[in-house]
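Start counting the sequence shown at 557; every next residue gets the next number (the working numbering). Note sheet for the following structure.
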Amino acid sequence: MKAFFLGDEMRLVRTAGVAAGVCALTAVALTAASGTAATGPARPVTAMARARTVHRSSAPPTTAFCQQNYRVACYQPRQLETAYGLPALYRGGVQGQGTTIAIVDSFGSPTIGRDLATFDREAGLPGPPSLRIIQPAGRVPPYHQASAQMVGWAAETTLDVEYAHVVAPRARLLLVETPVAESEGETGFPQITRAENYVIDHHLAGVISQSFGATEQTFPGRAAIDSLRSAFENAELHHVTVLSAAGDAGAADVGLNQSTYYPYPVTSWPASDPLVTAVGGTQLHLDASGARTAPDSVWNDTYNRSANEYLDGDAGPNPLAGGGGESVYFGRPAYQGGVSNVVGDHRGVPDISMSAACNGAVDVYSSFPGQAAGWYPTCGTSEATPLFAGVVALAGQVAGHSLGVINPLIYQLEAQHARGIVDVTAGNNTVSYTQGHALHTVTGFKARPGYDLASGVGTVDAQYFVPELAALGKYW
């Protein structure tokens, strides 16, 4: 969970990946308005979820409410279900029965059980068959509301659990809490590796969702990353799918000091790992029913003044975009051979994308100490990753078993122009920021027909993608 992903889950709440841009600012629930970023990111970087605690409501906000009061759109669970074609699957009995999604987060949330129950009640969702919490890498320290890290990870955890459940409402949920916060570099990853190996060795889940990451350049070298890959190698052997958020700072990302951005394109690990499916971000354009008013585009709120004011309390620009680019440590995997004209000799990120935009955030309910209980619009690739974890769980139900490394299947479907793969051809992940009292721009990558380094192969129409992925997975 990057301070910046605060999972980068941005709790508008931004939450996505604490380290990598936290996919939703890894649900890094931001506190009061943070001033302009004169020297770098104004928020801690860990998870990838984004949100701000100053934007709270006592009931799930509607799209119209958010547009009127925050000048950005927000969406409720039913709108996302409609947007991704999920009702057709649900009517056919495909809701994730018999599958388990493991959600890995540092610290977790002390109120996740009752928060999920409140979320489900208000959204009209069934409760999951089970929500089990384990701490296989060591006891998590007691929760302290004065700890910005713990509050941020609690926000990330809430986003991850609630939105994996939205997509696969009948899947079992396994929250895997670790005792050391993941941040830039190696910090927190030994405990994550240990915890994920436990899950895999004990056959506890078929898909693992990671809404966090660290900029590749913050590791001492490839050997340091190799020492942390055992869980992914183990997952491949045991046919477990591993997902990771691609980041929330667009083509840029933060350094080991967690306060300054790299001035050139970078990517994050574990999203860049060839054994992991990297989930990037899109912007949905929906009406109140969840019908699209325009095709999905690459998530990039960097230059959206309203989104910046909503999240950061200033006019921006601040890096608010889906991660993507070429790995400096991993070469092009065989499954990307068909897109070598885009990735060259490098592993390209992301593989696929889902909803992550802050102007198009999702409603999250939380009540953990450190912020007022209520509903917060949240965004980031920390949102996209659990959404896709739910999709993978649905496909696992249809296939009758977990699917393992699905990247070769995704690229095969893209090459076949499968109906379930929806190309994203608009937008880019170029970002700008103020650092050292100067404005910097990191030129990213543009969406284009077919695979690109801003959206991967595109996004999904789950009513077709789920059976297509399952059909290939039966022989995988």
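A virtual CB, placed ideally from N, CA and C, is assigned to each residue, including glycine. Please read these numbers as outputs of a predicted model, since none were measured by experiment.
Kindly list the residues whose CB is nearer than 6 Å to the CB of residue i, restricted to its own chain and excluding five residues on each side of it in sequence; keep chain order.
| i | result |
| --- | --- |
| A917 | L568, C630, P933, T934 and C935 |
| Q839 | S853, W855, A913 and G916 |
| P873 | T858, Y859 and S988 |
| L793 | none |
| R734 | According to the sequence shown, residue 734 is Thr rather than Arg. Excluding residues within five positions, the ones whose Cβ falls inside 6 Å are S662, A693, Q747, I748 and A751. |
| S862 | R627 and V628 |
| V763 | I657, T797, A945, V948 and A949 |
| Y921 | D671, T674, F675 and W931 |
| Y640 | A1018 |
| L784 | F745 and T749 |
Indicate the three-state DSSP secondary structure (helix, strand or coil) for residue i in the structure shown.
| i | result |
| --- | --- |
| A751 | helix |
| F924 | coil |
| Y891 | helix |
| R726 | coil |
| D716 | helix |
| W855 | coil |
| P600 | Because the pLDDT of P600 is 37, which lies under 50, any placement of that residue in the model is unreliable, and the question is left without a value. |
| A770 | strand |
| G1029 | helix |
| G708 | helix |
| R861 | helix |
| D868 | helix |
| F886 | strand |
| G746 | According to the sequence shown, residue 746 is Pro rather than Gly. Note: P746 maps to helix in three-state DSSP. |
| S824 | strand |
| P933 | strand |
| V1016 | strand |
| E789 | helix |
| R612 | coil |
| V832 | coil |
| V1022 | helix |
| R848 | strand |
| D1008 | strand |
| D1042 | Shown here, the chain extends from 557 to 1032; a query on residue 1042 therefore has no answer. |
| A800 | Strictly speaking, residue 800 in this sequence is Ser, with Ala absent from that position. Correct three-state label for S800: strand. |
| V628 | coil |
| S686 | coil |
| S815 | coil |
| L581 | For L581, the predicted structure reports a pLDDT of 36, less than 50, and the residue's modelled location is therefore unreliable. The matter cannot be settled from this model. |
| H721 | helix |
| V810 | strand |
On the criterion of 16 or more Cβ atoms from any shown chain inside 10 Å, does residue i qualify as buried, or is it exposed?
| i | result |
| --- | --- |
| V829 | Rather than Val, the amino acid found at residue 829 in this sequence is Asp. Buried. |
| L943 | buried |
| G669 | exposed |
| T849 | exposed |
| S909 | buried |
| D871 | Contrary to the premise, residue 871 reads as Ala rather than Asp in this sequence. A871 is exposed by the Cβ-count criterion. |
| P698 | exposed |
| H973 | exposed |
| N984 | buried |
| Y820 | exposed |
| N963 | buried |
| Q701 | exposed |
| A805 | buried |
| P776 | exposed |
| A770 | buried |
| A1018 | buried |
| D907 | buried |
| R726 | buried |
| D757 | exposed |
| H993 | exposed |
| L799 | buried |
For the alpha helix (DSSP H) that residue i lies in, which residues bound it at each end?
| i | result |
| --- | --- |
| I668 | I668 to A679 |
| Y646 | L642 to R647 |
| P633 | P633 to A639 |
| Q624 | T619 to N625 |
| R947 | In the sequence under discussion, the amino acid at residue 947 is Val, which differs from the Arg named in the question. Its alpha helix (DSSP H) spans residues T937 to A955. |
Leaving out five residues on either side along the sequence, give the residues of the same chain with a beta carbon under 7 Å from the beta carbon of residue i.
| i | result |
| --- | --- |
| A780 | E742 |
| E772 | V822, T823, S824, W825, S828, S883, V884 and Y885 |
| R1004 | T981 |
| G683 | A673 and D676 |
| A1026 | A951, V954 and A955 |
| Q623 | A629 |
Please list the terminal residues of the continuous beta strand (DSSP E) segment that includes residue i.
| i | result |
| --- | --- |
| Q766 | V763 to Q766 |
| Y699 | It is not in any beta strand (DSSP E) - Y699 carries neither H nor E in the DSSP assignment. |
| A658 | T656 to S662 |
| S909 | I908 to S911 |
| V736 | No beta strand (DSSP E) holds V736; DSSP gives it neither H nor E. |
Is the beta carbon of residue i within less than 6 Å of some heavy atom of the ligand COA?
| i | result |
| --- | --- |
| V920 | By its list of ligands, the structure shown contains no ligand whatsoever, and the ligand COA lies outside what it can speak to. |
At which residue ranges does the segment 957-993 contain complete beta strand (DSSP E) runs of 3 or more residues, listed in the order of the chain? 987-991
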